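Report on one structure; see the data block that follows.
Numbering (our numbering), first residue to last: 39 to 423.
In structure tokens:
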């Protein structure tokens, strides 16, 4: 049985102001060529409330929706119950709360207040600030400054031309080039830090680690004094200051088959820490999510929201199963490449995870305690990958 589709078009200039006050499903916002705002809603006309005042639109959505608007649109998204995807919006935009995952691609300056799932960013033309990210954060190619107040999962970032200020990452951090001259890269992480450094890097390092600091970068001499490990590559035109609770590994960037050399995530080492991070923050995150859900229930059809949440949970379960298998295959391929490059022998195989262990992880996804990506990491770890 197919779902109904409702379409609406509003003529505007090339620079409208669009505010999505609430979306009870998934939301996609794309840049388009026409000077109009188009709404494509999975539902009926009553699932959309659009108020226009000149160049300003205020929109409330009770189902999944795709919005197409001019690239120079100024965008504000107050609340999204599902996932958020923004692609090709060059104007400044602000996002309040995303209860699912957030994916930004080819965007302008942006501010994200809180994302309960994972945050993925690819190509941001201006400054980017994400205040609270409950899942993992992956960031690639930011022209301005990247500011991350809190990341509860892992952080992987590269292409940060305007520097980095990560106040607290509760998981592990993988940071890659470039390290632009004159910029500062500052981070605080509870887990391990992996740095990928090209031979041409001009960087001054100041590292404080709860564990060990190991360098595999030719020509880099590290000195330890007063609990801090310091070193200089090239002329030291950029600065990296890091405080981590775990170990620090510095690796050279070595191309292999046209791709950048990359260390695989050490699931065996980090599984215990990842489990503790998830358990320590599940109660807080779920409490906040429930509070926001009750607030929305007071102003909308509770039955409709409940059905939407049930659909999201079922979709998350299916996604977790698919992503677990993909993560296992990616980990196998990455480890084989690393073993060939490093000359190390393969590790002994671990016993496979039991069905009970796999179901326990999937139930955590169904209960909303972890995201599908986090479930994939946990399942891969249980397999000893």
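Idealized CB from N, CA, C, for every residue including glycine. Remember, it's a predicted structure, so these values are computed and weren't measured experimentally.
Below 6 Å CB to CB, which residues in the same chain sit around residue 158 once its five sequence neighbours on both sides are set aside?
141, 176
Is the distance from the Cβ of residue 64 to the Cβ of residue 102 below 8 Å?
yes
From the DSSP output, in three-state form, read off residue 405 for me.
coil
So is residue 117 buried or exposed if we call it buried at 16+ other beta carbons inside 10 Å?
In summary, residue 117 is buried, with 16 or more beta-carbon neighbours lying within 10 Å of its beta-carbon over all protein chains present.
Between the alpha carbons of residue 185 and residue 95, how many angstroms are there, rounded?
Roughly 29 Å separates the two Cα atoms.
Applying the 10 Å Cβ sphere with the 16-neighbour rule, what's the burial state of residue 137?
Counting the other CB atoms within 10 Å of its CB gives residue 137 a total of 16 or more, which places it among the buried residues.
Are the CB atoms of residue 126 and residue 78 nearer to each other than 8 Å?
For residue 126 and residue 78, no; Cβs fall outside 8 Å.
Do residue 111 and residue 129 have their CB atoms nearer than 8 Å?
Yes.
DSSP state of residue 413 mapped onto helix, strand, coil:
Three-state DSSP puts residue 413 in a helix.
Since residue 213 sits in a beta bridge, which residues does DSSP pair it with?
Answer is 195, 233.
In angstroms with no decimal places, state the Cα-to-Cα distance between residue 49 and residue 133.
24 Å
Rank 289, 210, 73, 61 by C-alpha distance to the C-alpha of residue 55 and give the top, closest one.
73
Rounded separation between residue 220 and residue 276 - CA only
5 Å
In angstroms with no decimal places, state the Cα-to-Cα distance between residue 305 and residue 250.
Residue confidence is low: residue 305 scores 39 on pLDDT, short of 50, so the model does not pin down where it sits. No coordinate-derived value is stated.
Can you tell me whether residue 399 is helix, strand or coil according to DSSP?
Residue state, collapsed to three classes: helix.
Alpha carbon of residue 44 to alpha carbon of residue 81, nearest angstrom
6 Å
Cα separation between residue 397 and residue 155?
Going from the Cα of residue 397 to the Cα of residue 155 covers about 20 Å.
Hey, residue 222 and residue 247: beta-carbon distance below 8 Å or not?
no
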